[in-house]
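Contents: one structure, followed by commentary.
In the numbering used here, the protein residues as written are 15 to 305.
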């Protein structure tokens with residue numbers, strides 16, 4: 015027969031029942047919070063499939079009892095404006111930027127965390143200092159540089175800008191994560207004859223999946239939702255969705271029949287991405303909080 019540990023009160027049937035009820039209430043509360051969090055998304059979707067007259071006269075929730083107001087014509091009108099090309103432009107900007115930032119930052123972070131070279135600490139302080147440099151002060155100088163190089167208005171120019179300004183935070187985040195990896199793992203790999211690249215690719219980077227996933231989500235959302243850089247560096251033929259939606263704004267009206275479906279399409283991809291990688295996202299946020 016086992017006895018309860020000293021100093022720890024035993025839990026009888028009533029105590030276990032209370033625990034189960036408390037856990038159930040907590041889960042129910044989380045579900046309710048999640049439903050309230052999704053209400054704006056639901057409202058945007060309903061607005062996107064209602065005609066303009068109904069949206070201007072009543073609230074979106076009234077459509078739940080009036081299904082005759084729902085139509086897909088707004089989406090067909092949106093696609094007729096060339097929104098499809100803007101969607102693919104956004105993909106061509108966001109995906110390469112995210113991949114480049116993660117790849118370059120991971121290698122730089124490994125060097126700052128585990129490789130000895132002259133001026134390492136000073137260079138890392140410079141990288142950290144770049145975190146406080148606002149994007150706005152670089153717009154005009156880089157625009158002039160892009161004009162000289164002949165890439166102003168192109169997708170490549172937007173990708174390079176986002177990559178350059180995304181690297182300082184990415185290096186800072188991954189370097190701190192890499193520094194928490196036990197040194198014994200790296201020393202064991204070196205004793206087995208592994209070089210720096212082998213250690214990085216087979217030991218360090220696989221262990222950093224939660225941090226990399228968190229960084230990828232942040233970087234993807236920043237670039238996907240960007241408007242300022244797109245307004246400055248992307249011409250009409252290479253404009254992403256944010257700039258395309260901004261161009262649909264009317265001077266004396268909201269143009270809700272075009273903006274609502276466009277906003278919902280621009281929202282649904284990051285939402286799917288977040289739910290698909292939320293497990294890694296939570297792990298990355300909790301990394302280093304406990305030992």
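The C-beta atom is built at its ideal place from N, Cα and C for all residues, glycine as well.
(message) Could you give the first and the last residue of the continuous alpha helix (DSSP H) run that contains residue 177?
(response) 169-193
_C-alpha gap between residue 289 and residue 231, whole angstroms_ = 10 Å
Indicate the three-state DSSP secondary structure (helix, strand or coil) for residue 134 in the structure shown. Three-state result, residue 134: helix.
Any contact of the region 93-103 with the region 152-160, i.e. 3+ C-beta pairs under 8 Å? no
Exercise for the section: Quick one: give me the first and last residue of the alpha helix (DSSP H) that residue 75 is part of. Expected result: Note, residue 75: premise wrong, no alpha helix (DSSP H); not H, not E.
Check your understanding: What's the C-alpha gap between residue 162 and residue 54?
Key -> 45 Å
Residue 90 versus 76, 219 and 279, residue with shortest Cα-Cα distance
Among 76, 219 and 279, the Cα nearest to that of residue 90 is on 279.
Exercise. Looking only at its own chain, which residues have a Cβ that is under 6 Å from the Cβ of residue 64, when we skip the five neighbours before and after it?
Worked result: 77 and 83
Item to check | residue 127 versus residue 190: straight-line alpha-carbon distance, rounded | outcome: 8 Å
Let me know the secondary structure DSSP gives residue 84 once reduced to three states. Note: residue 84 maps to strand in three-state DSSP.
**OP:** Keeping to the same chain, check which residues put their C-beta closer than 6 Å to that of residue 59; ignore five residues upstream and five downstream.
**Re:** 278
Quiz item: Could you give the distance in angstroms between the alpha-carbon of residue 81 and the alpha-carbon of residue 258?
Solution: Between the C-alpha atoms of residue 81 and residue 258 there is a straight-line separation of about 30 Å.
Problem set entry | Separation of residue 169 from residue 103, as counted between CA atoms | 8 Å
query: According to DSSP, which residues form a beta bridge with residue 204?
result: Residue 204 is not bridged to any residue.
Point to revise | CB of residue 180 within 8 Å of CB of residue 115, strictly | key: yes
Inset, instruction - Measure the alpha-carbon distance for residue 56 versus residue 252 and round it to whole angstroms. - result: Straight-line Cα distance between these residues: approximately 30 Å.
Inter-residue spacing [alpha-carbon to alpha-carbon] between residue 196 and residue 164: 47 Å
Which residues DSSP lists as bridging residue 248, in chain order: 167
Paired residues, beta bridge with residue 64 - DSSP:
By DSSP's assignment, residue 64 forms a beta bridge with 84.
Endpoints, the alpha helix (DSSP H) within which residue 271 is located = First-last of the alpha helix (DSSP H) with residue 271: 270-290.
Discussion item. For residue 254, tell me which candidate among 276, 121 and 233 has the shortest Cα-Cα distance.
Written reply: Nearest of 276, 121 and 233 to residue 254, Cα basis: 276.
Here's the rule I'm using: 16 or more other beta-carbon atoms within 10 Å means buried, otherwise exposed. How should residue 148 be labelled? exposed
query: Out of 187, 234, 166 and 185, which has the shortest C-alpha to C-alpha gap to residue 246?
result: It is 166.
*asked:* Could you compute how far the alpha carbon of residue 193 sits from the alpha carbon of residue 145?
replied: 19 Å
Exercise. Please state whether DSSP places residue 91 in a helix, a strand or coil.
Key: helix
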